[in-house]
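Enquirer: Let me give you the structure first, and then I'll get to my questions.
Residue numbers (the numbering used here): 5 to 268.
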């Protein structure tokens, strides 16, 4: 009779060779085949257990590696220059003394907040010419001598509008400029998209550009009576150079709802 060897699992009881032997007179001769089979079975059992453990380890390592490769990197969250459609005060955005110097104005400028007229802008600020406004008689004399009044004290010299509620980049901005059929312009020493507005017999420029410091789109136009493109360009340069991250920084207040009645 042959003993049954179970190399996998190795849970079968070891057979009682003396009880199963047909002859106990010569135990050594009878036990030899049984002993050899038992030793081989135990060796196979031990080797099988090691192989199974190694295979399980390799499988676990492969699964872990697959999980690591399949896990997507967390998406980088981009923030707009001015968060949550917050408004920037014109007193913060515009330094009138800087613009007075840039425009060569003799009298101090004042700043007027006209953000209500630009619903998609974080701020829209007009720079107003200083000085004493001429009387009606003096204005009539100006019209006779110059043919127009021009920008009088109290009139808007230029307007700076900051669009900061979207994520922009210069290349996408250039594409939109071409789509609008506006003009690529480098007269400021940096790229601007120029829109031409006909004001009577004059072609007046409106400058738009992507500001590298703030990542906002800044728009600079002249006032209704200002057709001097050189002055408008100087206003645009001053806006580009003077407006930075500190000028558009706002604090968004967190609104915390009161606890419901009866809450502990």
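Glycine is no exception: its CB is placed at the ideal position from the N, C-alpha and C atoms. For clarity, every value in this text was computed on a predicted model and none was experimentally measured.
1) Would you kindly report the start and end of the unbroken beta strand (DSSP E) that includes residue 201?
2) Near residue 189, what residues of its chain come up, given a Cβ to Cβ distance below 6 Å and the 5 sequence neighbours on each side ignored?
3) Between the stretch 136 to 144 and the stretch 163 to 174, can you find at least three pairs of beta-carbon atoms closer than 8 Å?
4) Given residue 155, which residues of its chain have a CB within under 7 Å of its CB, disregarding the five upstream and five downstream residues?
5) Give me the DSSP bridge partner(s) of residue 114.
6) Decide if residue 120 is buried, meaning its Cβ has at least 16 other Cβ atoms within 10 Å, or exposed.
7) Buried or exposed for residue 116, going by 16 or more other Cβ atoms inside 10 Å?
8) Counting along the chain, where does the alpha helix (DSSP H) carrying residue 146 start and finish?
9) From 218, 192 and 216, pick the residue whose C-alpha is nearest to that of residue 209; which is it?
10) Looking at the structure shown, is residue 180 part of a helix, part of a strand, or coil, going by DSSP?
11) Near residue 200, which residues of its chain fall below 6 Å by C-beta distance, leaving aside the five closest residues on each side in sequence?
12) To which residues of the same chain is residue 172 closer than 8 Å at the C-beta, ignoring the five residues directly before and after it?
13) How big is the Cα-Cα spacing for residue 217 and residue 100?
14) To the nearest angstrom, how far is the alpha carbon of residue 225 from that of residue 235?
15) In chain order, what residues of the same chain lie with their CB nearer than 6 Å to the CB of residue 239, ignoring the 5 residues before and after it?
16) Ignore the nearest five residues each way along the sequence and tell me which others in residue 94's own chain have a CB closer than 7 Å to its CB.
17) Going by beta carbon distance, what residues of the same chain come within less than 6 Å of residue 181, once the five residues before and after it are set aside?
18) Provide the residue(s) that pair with residue 254 in DSSP beta bridges, ordered along the chain.
19) From this set, 92, 105 and 187, which residue's C-alpha is nearest residue 241's C-alpha?
20) Tell me the DSSP secondary structure of residue 244 in three-state form.
21) Rounded to the nearest angstrom, what separates residue 152 and residue 146 at their Cα positions?
22) Assuming residue 251 contacts residue 97 (C-beta within less than 8 Å), just tell me the rounded distance between them.
23) Determine, for residue 122, whether the minimum Cβ-Cβ distance to residues of chain D falls below 8 Å.
24) At the level of alpha carbons, what is the spacing between residue 211 and residue 174?
25) List the endpoints of the continuous beta strand (DSSP E) containing residue 94.
Expert: For this structure:
1) The residue given as residue 201 occupies position 197 in the chain shown. Element bounds for residue 201: 196 to 203.
2) Taking the chain shown and counting its residues from 1, one reaches residue 189 at position 185. Cβ neighbours of residue 189 beyond the five flanking positions: 196 and 198.
3) no
4) By 1-based counting over the chain shown, the position of residue 155 is 151. Around residue 155: 133, 161, 227, 229 and 230.
5) Reading the chain shown from its first residue, position 110 is the one you call residue 114. Answer is 132.
6) Residue numbering aside, residue 120 sits at position 116 when the chain shown is read from its first letter. Flag for residue 120 reads exposed.
7) Here residue 116 corresponds to residue number 112 of the chain shown, with the count starting at 1. Label assigned to residue 116: exposed.
8) On the chain shown, position 142 is the one that residue 146 refers to. Unbroken alpha helix (DSSP H) run through residue 146: 140 to 150.
9) Working through the chain shown from its first residue, we reach residue 209 at position 205. The shortest Cα separation from residue 209 among 218, 192 and 216 belongs to 192.
10) Within the chain shown, numbered from 1, the residue matching residue 180 stands at position 176. Three-state DSSP puts residue 180 in a helix.
11) Position 196 of the chain shown holds residue 200. These residues qualify, in order along the chain: 207.
12) Residue numbering aside, residue 172 sits at position 168 when the chain shown is read from its first letter. So the qualifying residues of the chain are 214, 219, 220 and 221.
13) Stepping through the chain shown from its first residue, residue 217 is reached at position 213. Stepping through the chain shown from its first residue, residue 100 is reached at position 96. Each residue's Cα considered, the two are about 20 Å apart.
14) Working through the chain shown from its first residue, we reach residue 225 at position 221. Working through the chain shown from its first residue, we reach residue 235 at position 231. Approximately 10 Å between the Cα atoms of the pair.
15) Position 235 of the chain shown, counting from 1, holds the residue named residue 239. Cβ neighbours of residue 239 beyond the five flanking positions: 162 and 224.
16) Here residue 94 refers to the residue found at position 90 when the chain shown is read from its first residue. Excluding residues within five positions, the ones whose Cβ falls inside 7 Å are 115, 117, 127 and 129.
17) Translated into positions along the chain shown, residue 181 becomes position 177. Result list for residue 181: 197, in chain order.
18) Start at 1 with the first residue of the chain shown, and residue 254 comes out as number 250. Paired residues: none, contrary to the question.
19) Walking along the chain shown from the start, residue 241 turns up at place 237. Per the Cα distances, 105.
20) The residue given as residue 244 occupies position 240 in the chain shown. Correct three-state label for residue 244: helix.
21) Locating residue 152 in the chain shown gives position 148, counting from the first residue. Locating residue 146 in the chain shown gives position 142, counting from the first residue. Each residue's alpha carbon lies about 7 Å from the other.
22) Translated into the one-based positions of the chain shown, residue 251 becomes position 247. Translated into the one-based positions of the chain shown, residue 97 becomes position 93. With a Cβ gap of about 5 Å, residue 251 and residue 97 count as contacting.
23) Of the protein chains in the structure, only one exists, and it is not chain D.
24) For the purposes of this step, residue 211 is taken as residue 207 along the chain shown, with counting starting at 1. For the purposes of this step, residue 174 is taken as residue 170 along the chain shown, with counting starting at 1. Spanning the two alpha carbons is a distance of roughly 15 Å.
25) Here residue 94 corresponds to residue number 90 of the chain shown, with the count starting at 1. It is not in any beta strand (DSSP E) - residue 94 instead sits in the alpha helix (DSSP H) that spans 94 to 97.
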